[in-house]
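The next block holds one structure in the form of structure tokens; read it before the comments.
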Amino acid sequence: MNQIINPIRWTIHDLDALPENEGIRREIIDGELFVTRAPHWQHQDIIANITTELKIWSRKHSGKVFSSPGIIPSKEDSVIPDLVWVSNERLAGIEDEAGHFTGFPELVVEVLSAGERNLRRDKQAKLKLYSQGEVQEYWIVDRFSKPLEVYRPEKGQLMLMETLTESDTLTSPLFANFSLSVSQFFA
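Residues 14 to 200, numbered by my numbering, are exactly what the sequence shown covers, in order.
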């Protein structure tokens, strides 16, 4: 007879009991624990490039860019996206006293890390979570083969709308008059 074993369901309270370790990132998505090391420097460089461009745009518009913010929308979900952009209006409604977000910003950006588990986390588990969180755009940047996937909501689900290459230019309905060559992400 096969016995069904219930998987462990992690919560944000379980994270509090784990030892602090600056080189390890822990995220919980739908009760599943994901543990990763600090990303490759190229990963961090791509995040810095995107951050710079969005900060320049945001100086003339209403919003803020954050790298690696904590988002804790429920007791079974705690994620640390690589980069987010949030309007000032939404920020006022999702920030808690500890400086974490209790809801989702308009834009979330993830840069892929090596490994099948990392790929599954960003392209499946986080995609599902961000869809439920009313994210307006989700960018997945592949630092290895260099495409940029742009997801936008359609019928309550974030759907792949376009895949851009280094020779393409990114525009977004979130950012009026924003235009950026995808090659600048990898410069």
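Just so you know, even glycine gets a beta-carbon here, dropped at the ideal spot from N, CA and C.
Could you tell me whether the Cβ atoms of Phe114 and Gly76 are closer together than 8 Å?
Contact: no.
Quick check: what's the CA-CA separation for Trp23 versus Ser81?
Computed Cα separation, rounded: 21 Å.
Express the C-alpha separation of Glu123 and Tyr151 in angstroms, rounding to a whole number.
8 Å
Starting from Ser91, trace the beta strand (DSSP E) in both directions and tell me its first and last residue.
Boundaries of the beta strand (DSSP E) harbouring Ser91: 90–92, taken from the DSSP string.
Taking Cβ positions, are Phe198 and Asn62 nearer each other than 8 Å?
Cβ distance < 8 Å, so Phe198 and Asn62 count as in contact.
If Glu167 and Val148 are in contact, beta carbons under 8 Å, what's the gap, nearest whole angstrom?
About 13 Å separates the CB atoms of Glu167 and Val148; that is not less than 8 Å, and the two are not in contact.
I believe Asp90 touches Ile42 by the beta-carbon criterion, under 8 Å. Please report the beta-carbon distance rounded to the nearest angstrom.
6 Å
State the DSSP-derived secondary structure class of Gln170, mapped to helix, strand or coil.
Residue state, collapsed to three classes: strand.
For Pro20, count the other beta carbons within 10 Å of its own beta carbon; 16 or more makes it buried, fewer makes it exposed. Which is it?
exposed
My output table needs one value for Ala200: the three-state DSSP class, helix, strand or coil.
coil
Rounded to a whole number of angstroms, what is the C-alpha to C-alpha distance between Ser194 and Glu66?
The straight-line gap from Cα to Cα measures roughly 11 Å.
Between Arg130 and Leu183, what straight-line distance do the alpha-carbon atoms span, to the nearest angstrom?
28 Å
Quick check on Trp70: buried or exposed, where buried means 16 or more other Cβ atoms within 10 Å of its Cβ?
buried
Nearest candidate by alpha-carbon position, reference Ser180, set Arg72, Lys68, Ile85, Leu161
Leu161
How many angstroms separate the CA atom of Leu125 from the CA atom of Ile59?
11 Å
With a Cβ-Cβ cutoff of 8 Å, do Val78 and Trp54 count as a contact?
no
Over the uninterrupted beta strand (DSSP E) stretch that includes Ala189, give me the two end residues.
188–194
Is Glu175 helix, strand or coil by DSSP?
strand
From the DSSP output, in three-state form, read off Ser75 for me.
Residue state, collapsed to three classes: coil.
Using 8 Å as the threshold, is the C-beta distance between Ser144 and Leu171 below it?
A Cβ-Cβ contact shorter than 8 Å links Ser144 with Leu171.
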